[in-house]
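What follows is one structure encoded as structure tokens, with my remarks underneath.
Number of protein chains: 2
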Amino acid sequence: MATTAASVAEICAAAKRASQPLATVGSEIKDAALEAVAQAIEELVPEILDANAQDLEDARAGDYNSAFLEKLRLDEARIAAMADGVRTIAALPDPAGEVIDGFRLPNGLDVRKVRVPLGVVAVVYEARPNVTIDAAALCLKAGNAIVLRGSSAASRSNAILAGLAASAVAGVGLPEDALGLVSGSGREEIAELATQTGLVDLIVPRGGEGLKESLKAVATVPVLYAASGNCHVYIDRWSDQDAAEAIVLNAKLQRPGVCNAIETLLVHADVPTPFLRRALTALHDAGVTLHGDERARAAVPELPIDVASEADWDTEYLALELAVRVVDSVEEAIAHINAHGSGHSEAIVTRDTAAARAFQIGVDAACVYVNASTRFTDGGEFGMGAEIGNSTQKLHARGPIGIRELCTFKYLVEGDGHVRP
Amino acid sequence: MATTAASVAEICAAAKRASQPLATVGSEIKDAALEAVAQAIEELVPEILDANAQDLEDARAGDYNSAFLEKLRLDEARIAAMADGVRTIAALPDPAGEVIDGFRLPNGLDVRKVRVPLGVVAVVYEARPNVTIDAAALCLKAGNAIVLRGSSAASRSNAILAGLAASAVAGVGLPEDALGLVSGSGREEIAELATQTGLVDLIVPRGGEGLKESLKAVATVPVLYAASGNCHVYIDRWSDQDAAEAIVLNAKLQRPGVCNAIETLLVHADVPTPFLRRALTALHDAGVTLHGDERARAAVPELPIDVASEADWDTEYLALELAVRVVDSVEEAIAHINAHGSGHSEAIVTRDTAAARAFQIGVDAACVYVNASTRFTDGGEFGMGAEIGNSTQKLHARGPIGIRELCTFKYLVEGDGHVRP
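The listed protein sequences derive, respectively, from chains F and L. End of the first sequence = 446 in our numbering, gap-free, step of one. End of the second sequence = 446 in our numbering, gap-free, step of one.
What follows is the structure in structure tokens.
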């Protein structure tokens, strides 16, 4: 493993060299490396906990809040979950070498479009040590070398985790430099990492908007932004009320702080008031602050519903807070979502096939649900094993970023002396 | 059609509004619009020639060379080819709505990954009026609205072509603003176009390196760069000599100025000298200036072969010029290509299955050929109907950029009240 004893450019160059054998090796060897990572995690639990305890001690002395410390903290269960996660990824089909498309041209040339690794993937993340292992395992499974840049607050935790992963890679005969770790306390290393054109093939930030904006400003290598999500559930006129209530509550409450939780509820004007009362009361009783338009507030006057401003339609609360708007048609719901949504996950609850189809075709988002919660947008839920984030961009990867999305492809063309006339 | 009577932002906003009905319309309507474009081109030949003659007259008075004037010039054959090209694109299968993947999750949710248009595609190009029609037809077929920014030297030609295309779109009931034309003589419009985040989903430059660099410096919307190509043919030890000669001559001579023509010939040291003499003599006789390493020059001392410098391995001549290097193994050929190539199109000529496989797996390029000329890297040749360029980047599109590459996808998920546990 190359670390910041070397420069960022040297770490990236070492990873690039290591990426070539890694890209062409069989699944057995990559999976053996991943199993070795899982075993090393299990064998080094005391050492990992000790390193993490030191990180936590320093962090407690620093200016960090309890949410930060909770993310940074490892325990035996979290460490066991890391090892399980690696084995789940190892068990996935190898994305490298998959034939995506194939055809014979009229002139007899045989063309195969084959999935291949990207090369070197850099992952920049905040003080969650488990991301060190998650990201490394996903990249290795896809056949990519990886350069990790974690938070300095997690430096000891990251060092032991990245170190054991690099040793496991070396243990199966692959270059140890396939896994590099950049540390440092400033943003200079991020800027340096994001400008290694020709060495780094993709950089994935996993963190807040500040991290993304600072990358956007400097990056010359391609960036895949894990997304924020301003998501909606729309309850159509003709819909199952129990399903609607369950979906709304699940999408808002099951984990309010994540990108696929909803921020606005849209309700057709013909949805009966008793149902709207029931659903909004349940949300209120669960501690949700409500912001409503005039009709929503008028429908349930006994609840304390703030007047929603235009800004509410554009806000990702990531908290127990929800905007509510009454619309007159599925078309109005679609227009609202396309105007205010972030293109992440959008749901309609309906029994009307025409409304379901209009919504699926008309809504411009990564994942469009009919009669299901937006909370399913997740690499694990989608059977991708794990994800490195969710993309709301339209190029390359949209939705969960799993091992296939960490690949590119190439065309392999075979002839017998073909020349172009 | 919105034109620069309006601002660039207004044109893009109009295109964004128009993109929604366009994205959801059936193939029949898009194909009818394309047929109407082809017919309008055929009906307006005199008017198109007249507009082009005026552009040419101004250009002749300006400081332009003959190659520039030749690109700008339209004639009846070129206009007929434009109409034919539109009909070829119309006849392709509709990429929008194609199901790329689909599966049922363990919880019963049904997931389809469906190809959908990107939204608004901007194309920035130089003084080739035919690109106006090519780009518009590809984007419309994919269901995208398009904003064109051509060269001011072709302003009259572009205006009539874009105008007839917009009228054809309006004629089938789609919004005329689905096709916008930005003109102007400076780079300010390009910079403005490249920063319309939220309105423009993709910008594709078709032009020289200067255009690409100026875009790279300012673009905040995603850019798909049509590629330059430093391509190679490697002649392996055990190879068919007639096929090898034919492929080398075709790859260098058939059209030397394009990105998939070769710039370096690699030859295994065991390839017999008489063959190397024959191939290099044929190239020399065809007017090719040769730059060779020591062994290549020693093998054919009677030919005037310059001493190749390190710079030659990295040069895209785009002309009757070729570097020649002798290597000792397929591995050395692969290493040379990965070090110096641009990841475009690479070919091996061999009868050795092991060498062919090593080359296909080891070479990191968009298209890797066995026993065929690199000149086949082309959307038309690959059965994509046409292309807007070739990509050497690894994200989203690699190789020919056709109508599928002008699309994104979304996940459509259907349940019956599913909530996440």
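For each residue, glycine too, the CB sits at the ideal point set by N, CA and C.
Short Cβ contact (8 Å threshold) for residue i with residue j
i, j, result
"residue 226 of chain L", "residue 375 of chain L", "no"
"residue 385 of chain L", "residue 134 of chain F", "no"
"residue 48 of chain F", "residue 172 of chain F", "no"
"residue 167 of chain L", "residue 420 of chain L", "no"
"residue 153 of chain L", "residue 218 of chain L", "no"
"residue 391 of chain F", "residue 424 of chain F", "yes"
"residue 401 of chain L", "residue 443 of chain F", "yes"
"residue 76 of chain F", "residue 228 of chain F", "no"
"residue 69 of chain F", "residue 114 of chain F", "no"
"residue 44 of chain L", "residue 170 of chain L", "yes"
"residue 80 of chain L", "residue 180 of chain L", "yes"
"residue 240 of chain F", "residue 272 of chain F", "no"
"residue 165 of chain L", "residue 197 of chain L", "no"
"residue 137 of chain L", "residue 413 of chain L", "no"
"residue 308 of chain F", "residue 274 of chain F", "yes"
"residue 205 of chain L", "residue 409 of chain L", "no"
"residue 372 of chain L", "residue 258 of chain L", "yes"
"residue 111 of chain L", "residue 54 of chain L", "no"
"residue 253 of chain L", "residue 123 of chain L", "no"
"residue 65 of chain L", "residue 178 of chain L", "no"
CB contact check: residue i to chain F, cutoff 8 Å
i, result
"residue 189 of chain L", "no"
"residue 166 of chain L", "no"
"residue 49 of chain L", "yes"
"residue 442 of chain L", "yes"
"residue 24 of chain L", "Residue 24 of chain L is absent from the model: chain L starts at 26 and stops at 446."
"residue 163 of chain L", "no"
"residue 445 of chain L", "yes"
"residue 74 of chain L", "no"
"residue 80 of chain L", "no"
Neighbour flag for residue i against chain L, beta carbons, 8 Å
i, result
"residue 222 of chain F", "no"
"residue 420 of chain F", "yes"
"residue 401 of chain F", "yes"
"residue 339 of chain F", "no"
"residue 227 of chain F", "yes"
"residue 305 of chain F", "no"
"residue 240 of chain F", "no"
"residue 347 of chain F", "no"
"residue 143 of chain F", "yes"
Bounding residues of the alpha helix (DSSP H) (the contiguous stretch that carries residue i)
i, result
"residue 36 of chain L", "33 to 49"
"residue 237 of chain L", "234 to 243"
"residue 71 of chain L", "70 to 86"
"residue 271 of chain F", "266 to 278"
"residue 194 of chain L", "180 to 196"
"residue 396 of chain F", "No alpha helix (DSSP H) holds residue 396 of chain F; the beta strand (DSSP E) holding it covers 392 to 397."
"residue 142 of chain F", "Note, residue 142 of chain F: premise wrong, no alpha helix (DSSP H); beta strand (DSSP E) at 135 to 142."
"residue 309 of chain L", "298 to 310"
Environment of residue i [buried if 16+ CB atoms lie within 10 Å]
i, result
"residue 90 of chain L", "exposed"
"residue 182 of chain L", "buried"
"residue 237 of chain L", "buried"
"residue 298 of chain L", "exposed"
"residue 6 of chain L", "Outside the shown range of chain L (26 to 446) lies residue 6 of chain L, about which nothing can therefore be said."
"residue 223 of chain F", "exposed"
"residue 128 of chain F", "exposed"
"residue 317 of chain L", "buried"
"residue 234 of chain F", "exposed"
"residue 447 of chain L", "As shown, chain L starts at 26 and ends at 446. That puts residue 447 of chain L outside it, with no answer to give."
Span of the beta strand (DSSP E) around residue i
i, result
"residue 214 of chain L", "Careful: residue 214 of chain L lies outside any beta strand (DSSP E), inside the alpha helix (DSSP H) at 213 to 218."
"residue 125 of chain L", "124 to 129"
"residue 357 of chain F", "Where residue 357 of chain F is concerned, there is no enclosing beta strand (DSSP E), although the alpha helix (DSSP H) it sits in stretches over 355 to 365."
"residue 228 of chain F", "227 to 231"
"residue 440 of chain F", "432 to 443"
* To do: May I ask you to list, following chain order, the residues of the region 120 to 139 of chain F that have a beta carbon less than 7 Å from some beta carbon of chain L?
  => Only those residues of the region 120 to 139 of chain F whose C-beta falls short of 7 Å from the nearest C-beta of chain L are listed: 128, 130, 134 and 136.
* Name, going along the chain, the residues of the region 424 to 438 of chain F whose beta-carbon falls closer than 8 Å to a beta-carbon of chain L. => Residues passing the 8 Å Cβ filter: 424, 433, 434, 435, 436, 437 and 438.
* Asked: In the region 246 to 277 of chain L, which residues sit with their C-beta less than 7 Å from some C-beta in chain F, listed in chain order?
  -> Per Cβ criterion, the list reads 247, 265, 268, 271, 272 and 275.
* Anything in the region 384 to 398 of chain F with a Cβ closer than 8 Å to a Cβ of chain L? List those residues in chain order, please. => Against chain L - using a Cβ distance shorter than 8 Å - the residues of the region 384 to 398 of chain F are 385, 386, 387, 389, 390, 391, 392, 393, 394, 395, 396, 397 and 398.
* Asked: What are the residues of the region 274 to 302 of chain F that lie near chain L, defined by any Cβ-Cβ distance shorter than 7 Å?
  -> Using a CB distance below 7 Å, the part of the region 274 to 302 of chain F facing chain L consists of 275 and 279, ordered along the chain.
* When Cβ atoms are compared, which residues of the region 310 to 321 of chain L fall closer than 7 Å to chain F? -> So the list is empty, because no residue satisfies the distance condition.
* Can you give me, in chain order, the residues of the region 199 to 220 of chain L that have a beta carbon less than 8 Å from any beta carbon in chain F? => The region 199 to 220 of chain L vs chain F, Cβ under 8 Å: nothing.
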